[in-house]
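Undergrad:
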Amino acid sequence: MATTIKPGESYGFFTDTSICIGCKACEVACKEWNQLQGNDPTFLADSYDNTGKLDDQNWRHVKFVDQVPDQAVDAGNGRAWLMMSDVCKHCKHASCMDVCPTGAIIRTEFNTVFIQQDVCNGCRNCIAACPYSVIAINQKTGTAHKCTLCYDRLQGGLEPACAKACPTQSIQFGPLAELQKAADVRLAALQSQGVTQAQLYGRDDKVYGGLNAFFLLMDKPETYGLPNADNATLPTRNDVGGYLGALVTAVLGVFAGVIAFRRRGEQ
Amino acid sequence: MFLAAEHFVRAPQWQWYILGYFFFAGLTGGSYALATILRLVGHERDEGAARVGFYASFVTLLVCPLLLTADLGASWSRFWHMLIDVTPGDQGLNFKYWSPMSVGVWALLIFGLFATVSALEAFVLDRRSSTATGAPARPMGGVAGRAFNVAGGILALFVASYTGVLLSVSNQPVWSDTWVLGGLFLASGLSGSAALMALLTRFRPDAEFSLGRLHQSDAYFSTLELVLLAAFFFTIAVAGTAARTLPWLPLWVIALLGIASSLAAVRGQLRLGAGGGSGVVARAGVDTMVLSILILVGVFALRAAVIFSAQ
Chain W
1 MATTIKPGES YGFFTDTSIC IGCKACEVAC KEWNQLQGND PTFLADSYDN TGKLDDQNWR
61 HVKFVDQVPD QAVDAGNGRA WLMMSDVCKH CKHASCMDVC PTGAIIRTEF NTVFIQQDVC
121 NGCRNCIAAC PYSVIAINQK TGTAHKCTLC YDRLQGGLEP ACAKACPTQS IQFGPLAELQ
181 KAADVRLAAL QSQGVTQAQL YGRDDKVYGG LNAFFLLMDK PETYGLPNAD NATLPTRNDV
241 GGYLGALVTA VLGVFAGVIA FRRRGEQ
Chain U
1001 MFLAAEHFVR APQWQWYILG YFFFAGLTGG SYALATILRL VGHERDEGAA RVGFYASFVT
1061 LLVCPLLLTA DLGASWSRFW HMLIDVTPGD QGLNFKYWSP MSVGVWALLI FGLFATVSAL
1121 EAFVLDRRSS TATGAPARPM GGVAGRAFNV AGGILALFVA SYTGVLLSVS NQPVWSDTWV
1181 LGGLFLASGL SGSAALMALL TRFRPDAEFS LGRLHQSDAY FSTLELVLLA AFFFTIAVAG
1241 TAARTLPWLP LWVIALLGIA SSLAAVRGQL RLGAGGGSGV VARAGVDTMV LSILILVGVF
1301 ALRAAVIFSA Q
């Protein structure tokens, strides 16, 4: 599907995990385009996933969730591996953007979340805030890195490298409204086939006001390492409580100091 | 109030530099606040201890920006990006009232002016005292001088406490599961500052007059800290993340020993006040030194335990 990319419109990914085959073409394409060298090879001895996590070198990560029963008496039966190509969610209410003290994290003209490398100073406040463990510090530059949703490609009218490379169209790119419609159709189709566990994550505004990179999941979000709607909370929720606690302590502290230091004549 | 939280967040790897900054921010803010209270409500003979507080605040302040810039992943020269937004087409001052790190940087900068001016004033007063008879006139006396100290004191309380709020305003386990950290760091910072000032009175005979009351205030702050520590463990237990503190049990024990030392110091002071010869006074001096160091170690350990428990 050729998409005309126009500034001022919202774009994103719809990742349909029900048709992900775990080929990791998205990881390779991402590294290729963004010139990410990747981490040193490691053997995690945990499924077929040796990438492990999203970080400064892995802006796409195909998660393998092992659901193979210990005693597979029922071969297949739809329970084997869940695979999901994870990525920055480009949240509408982005925790990283909220706390960034330098203004390095901005929302682009395509409504995606982007870290300006020449502004970031590596304070790591965004890492403490991102609930999806997406952002990491690049050891060479000392700045925070994550998926840019191929900002440079979008500016050139090209779709992101991962979506372009995905052989099963598990990763779909396009205007957000169109993707949401496509997701609704796909979910209805699956549910009509009896796949009742299928659910959309980030399609509506229950998770961080809605995600530009949202998913169709085949199990509950926690299974994939994603906070559910109850746990998807912004860091700034603690501003009022934190400052109030400090204020009450300050008042009590000053009061205690006045009691201790007040003038009581010559001693 | 808090959900049994599930966290999938990465640790920011805030380690020794940030721990050091949190420690010195507590001391610089706490010392200034205590010095201000001493000057405003204390006896005129408390002025010596107040000046000790202003000096302590200034010296501990100097370390803060060094530690903060050293911790930055990018070049230290980008520290000023916290203050000025250099985004092309969107240049201007950076101030996000909802981001404690942003507010804290500004608070530290402005508080730095107050701490520097107050330390300079103390220095001028000390110079005049050594050359003149009687109490020298304050360069910044009167209502304006008091207002200056009060404004600086308010900023000082903020600097000593916002570091805890900064941790809470995240999605990290433990830190974000409680509202207590700002208050806890402030109470602990005030306690440590009282201990630091008590320790420094050894080097300034005219400040020893205030020693008993510094210990007394320390006991109050430590009691407050103990209550907040209980609230901290209660809130993270409700959130289901209390188990993450267990590997750092030795640090929590040291923090508690620091609190116990504060209470022991005031007990010793009360005994001293009840009477004693020169031998008792000398012993009390040693006790003050040992207990003050234990209290300061406790202040450091508390912050280390909180920081490491989430990471």
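One line per chain: the protein sequences are W and U, in this order.
Those letters in the first sequence? Residues 1 to 267, by this note's numbering.
Those letters in the second sequence? Residues 1001 to 1311, by this note's numbering.
Glycine included, every Cβ here is placed at the ideal spot set by N, Cα and C.
Listed in chain order, which residues of the stretch 1062-1078 of chain U have Cβ atoms closer than 8 Å to some Cβ of chain W?
TA: D1071, L1072, G1073, A1074, S1075, R1078
Undergrad: How is K206(W) classed by DSSP in three states: helix, strand or coil?
TA: coil
Undergrad: From F64(W) to N34(W), what does the alpha carbon distance come to, in whole angstroms?
TA: 23 Å
Undergrad: Using a Cβ-Cβ cut-off of less than 7 Å, list which residues of the stretch 107-118 of chain W approach chain U; keep chain order.
TA: Q116
Undergrad: How about A213(W) and G22(W): are their beta carbons less than 8 Å apart?
TA: no
Undergrad: Determine, using beta carbons only, whether V1306(U) and R1204(U) come nearer to each other than 8 Å.
TA: no
Undergrad: What do you reckon, are the CB atoms on I171(W) and A144(W) nearer than 8 Å?
TA: Their beta carbons are not under 8 Å apart, which means I171(W) does not touch A144(W) by this criterion.
Undergrad: Look up H145(W) in the DSSP assignment and give the residues it is bridged to.
TA: A136(W)
Undergrad: By how many angstroms is the C-alpha of S1210(U) removed from the C-alpha of S951(U)?
TA: A query on residue 951(U) cannot be resolved here, the shown segment of chain U reaching from 1001 to 1311 and no further.
Undergrad: Spell out whether any CB of chain W is found under 8 Å from the CB atom of Q1015(U).
TA: no
Undergrad: With distances taken Cα to Cα, identify the nearest neighbour of P167(W) among L247(W), F261(W), T15(W), L217(W).
TA: Here the closest residue by C-alpha is T15(W).
Undergrad: Among L176(W), Y201(W), R237(W), R262(W), which one has its Cα closest to the Cα of D86(W)?
TA: Y201(W)
Undergrad: Is it true that the CB of V251(W) sits closer than 8 Å to the CB of A1041(U)?
TA: Sequence inspection shows Val at residue 1041(U); the Ala mentioned does not correspond to that position. Taking 8 Å as the Cβ cut-off, V1041(U) and V251(W) do not qualify as a contacting pair.
Undergrad: For M84(W), write down the residues that DSSP places opposite it in a beta bridge.
TA: K63(W)
Undergrad: With distances taken from CA atoms, which of D1071(U), L1066(U), V1124(U), G1145(U) is nearest L1109(U)?
TA: Ranking the options by Cα distance to L1109(U), first place goes to L1066(U).
Undergrad: Please state whether the Cβ-Cβ distance between F1158(U) and A1107(U) is less than 8 Å.
TA: Closer than 8 Å, so yes.
Undergrad: Is DSSP giving P175(W) helix, strand or coil here?
TA: strand
Undergrad: May I ask you to report which of helix, strand or coil DSSP gives V113(W)?
TA: Strand, per DSSP.
Undergrad: CA-CA distance, N58(W) and A1144(U)?
TA: 58 Å
Undergrad: On a Cα-Cα basis, can you pick out the residue from H61(W), E222(W), Q155(W), F43(W) that is closest to A25(W)?
TA: H61(W)
Undergrad: Taking 8 Å as the cut-off, decide whether the C-beta atoms of A1025(U) and T1163(U) are in contact.
TA: yes
Undergrad: Just to confirm the assignment, what range does the alpha helix (DSSP H) spanning Y1017(U) have?
TA: 1016-1041
Undergrad: What in chain U is Cβ-close to Y132(W), meaning under 7 Å?
TA: F1008
Undergrad: Would you tell me roughly how many angstroms separate the C-alpha atoms of G103(W) and M218(W), rounded to the nearest one?
TA: The alpha-carbon atoms of G103(W) and M218(W) are separated by roughly 37 Å.
Undergrad: Report the start-end ranges of each alpha helix (DSSP H) in the stretch 1163-1236 of chain U that is 4 residues or longer and not cut off at the edges.
TA: Listed in chain order, they are 1181-1200.
Undergrad: In chain order, what residues of the stretch 205-233 of chain W put their CB closer than 8 Å to some CB of chain U?
TA: E222, G225, L226, P227, N228, D230, N231, T233
Undergrad: Which residues in chain W have a C-beta closer than 8 Å to the C-beta of R1303(U)? List them in chain order.
TA: What R1303(U) touches in chain W: nothing, since even the nearest Cβ is about 15 Å away.
Undergrad: Would you call the stretch 1094-1108 of chain U and the stretch 1032-1050 of chain U in contact, with 3 or more CB pairs under 8 Å?
TA: Fewer than three Cβ pairs drawn from the stretch 1094-1108 of chain U and the stretch 1032-1050 of chain U lie within less than 8 Å of each other, which leaves the two stretches out of contact.
Undergrad: Just confirm the distance between the C-beta atoms of A246(W) and L1027(U), as a whole number of angstroms; I'd bet it's less than 8 Å.
TA: At roughly 17 Å, the Cβ-Cβ gap does not stay under 8 Å, so A246(W) and L1027(U) are not in contact.
Undergrad: At 8 Å on the CB atoms, spell out the chain W contacts of I1259(U), in chain order.
TA: In chain order: nothing, as chain W lies at least about 14 Å away.
Undergrad: On the DSSP letters alone, give me the boundaries of the alpha helix (DSSP H) that A1115(U) sits inside.
TA: 1100-1131
Undergrad: Kindly say whether I1037(U), judged by its beta-carbon, lies nearer than 8 Å to any beta-carbon of chain W.
TA: yes
Undergrad: Who are the neighbours of R1213(U) on chain W, taking C-beta pairs under 8 Å?
TA: A260, F261
Undergrad: Using the Cα positions of H93(W) and L211(W), report the straight-line distance between them to the nearest angstrom.
TA: 8 Å
Undergrad: Output needed in chain order: residues of the stretch 1216-1242 of chain U with a Cβ under 8 Å from some Cβ in chain W.
TA: Residues of the stretch 1216-1242 of chain U with a C-beta atom less than 8 Å from some C-beta of chain W are Q1216, S1217, Y1220, F1221, L1224, L1228, listed in chain order.
Undergrad: Going by the DSSP bridge assignment, what does L216(W) pair with across the sheet?
TA: In the DSSP output, where bridge partners are listed per residue, L216(W) has D16(W), L200(W).
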